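To keep things clear, I will list the structure first and then write my remarks on it.
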Amino acid sequence: MMPLRESLGRPWIIGHRGASGEAPENTMAAFRLALEQGADMVETDVQLTADGIPVLLHDATVERTTSGQGLVREHSLAEIRALDAGSWFDPRYAGETVPTLEELLEWAARETPVCLEIKNGPVYYPGIEEKVVEALRRHSMAERAVVISFDHHAVLRVKGLCPECICGVLYACRPVEPTALAVAARAEVLLPHWGYLDGDTVEEVHSRGLAVSSWTADREREMRWLASIGVDGIATNYPGRLAGVLKRG
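For the sequence shown, the working numbering begins at 63 and goes up steadily by one.
Take a look at the structure:
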């Protein structure tokens, strides 16, 4: 299990919203394709429906990736499940549904570790941390998951609820002291956008016993550079492409 790359001898290949460059993001089709292409872990986004059920959608609204309209939190689970989450990407994915977190974890328990991004802001979901932890424990996945968020308060909350969970802080900036972000949230992993990384930062993070996993690198030159500076994980929309880059060295 991440955090450190020594567990594989190379960076972890993380399927960002599944293999979302080649299948509709955050669907079971995308998660399955990611594993077929060589991903070591699948990443997804968690939000809550109007009736408090964790579902896997990136946006606070449903219109970009489904046939619906409006905020996720304004729809019941039944309404969310009735939406087409595949046709927008390609007609051959017509009928793909928005998975629940339970559905993903039931599958992942047999197949793969998961990385769960709690979406909390600008739309906030009181109690989402408890629901994520409860689901992980119900499926015996607490020690096979990395829970991350741009809301570092949510990360700290998860760590308090589930000390055995590996947690990570997302950011898109160049903090003066990146490791302080992880320390404040009791996290083990720093997750910057790849454009804010350099070798010195990776070395400093590792010297503090922490891991660094970047997002989202889709071009081969980005992938090669990230591997060369020693990151522990690389999130990509094209896991097969990254697997090829890492295999070639």
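Backbone N, C-alpha and C define an ideal beta-carbon position, used for all residues, glycine too.
For clarity, every value in this text was computed on a predicted model and none was experimentally measured.
Coil, strand or helix - residue i by DSSP
i, result
"Ser129", "coil"
"Val245", "helix"
"Val238", "coil"
"Leu66", "Any reading at Leu66 needs caution, since the residue's pLDDT is 48, under 50, leaving its predicted position unreliable; the model's value is listed next. In the structure shown, Leu66 sits in coil (DSSP, three-state: anything other than H, G, I, E or B)."
"Ala279", "coil"
"Gly257", "helix"
"Leu272", "coil"
"Pro301", "helix"
"Val293", "coil"
Inter-residue CB distance, residue i and residue j (contact presumed, cutoff 8 Å)
i, j, result
"Glu87", "Thr127", "6 Å"
"Ile115", "Pro301", "Contact flag wrong, Cβ pair sits at about 28 Å."
"Gly311", "Ser275", "About 20 Å separates the two Cβ atoms, so there is no contact after all."
"Leu252", "Ala242", "Contact flag wrong, Cβ pair sits at about 10 Å."
"Glu105", "Gly77", "6 Å"
"His179", "Ser211", "Residue 179 is actually Glu in this sequence, not His. With a Cβ gap of about 6 Å, Glu179 and Ser211 count as contacting."
"Trp277", "Ala305", "With 8 Å as the limit, Trp277 and Ala305 do not qualify as a contact, their Cβ atoms being about 17 Å apart."
Short Cβ contact (7 Å threshold) for residue i with residue j
i, j, result
"Thr312", "Ala147", "This structure does not reach residue 312, given that the chain is present from 63 up to 311, and the question cannot be answered."
"Asp107", "Lys181", "yes"
"Arg281", "Val307", "no"
"Ala81", "Gln99", "yes"
"Glu250", "Ile228", "yes"
"Leu166", "His201", "no"
"Val267", "Val293", "no"
"Ile190", "Leu110", "yes"
"Met90", "Pro161", "yes"
"Ala112", "Arg135", "yes"
"Val176", "Ala197", "no"
"Ala247", "Glu226", "no"
"Leu118", "Thr174", "no"
"Asn299", "Gly132", "no"
Residue burial classification, residue i (beta-carbon count within 10 angstroms, cutoff 16)
i, result
"Cys224", "buried"
"Met63", "Its pLDDT being 49, under 50, Met63 is placed unreliably in this model, and the coordinates cannot settle the point."
"His215", "exposed"
"Tyr187", "buried"
"Cys235", "exposed"
"Gly295", "buried"
"Arg154", "exposed"
"Arg283", "exposed"
"Arg79", "buried"
"Ala140", "exposed"
"Val195", "buried"
"Val238", "exposed"
"Pro240", "buried"
"Arg219", "buried"
"Asp213", "buried"
Residue-chain proximity (residue i, chain B), Cβ-Cβ < 7 Å
i, result
"Ala91", "In the structure shown, chain B cannot be found, because there is only a single protein chain."
Which residue spans inside the stretch 74–134 form an unbroken alpha helix (DSSP H) run of at least 4?
90–98
Completely contained alpha helix (DSSP H) runs for the stretch 202–233, where each covers 4 or more residues
214–223
In chain order, which alpha helix (DSSP H) runs of at least 4 residues are fully inside the stretch 143–213?
163–173 and 190–200
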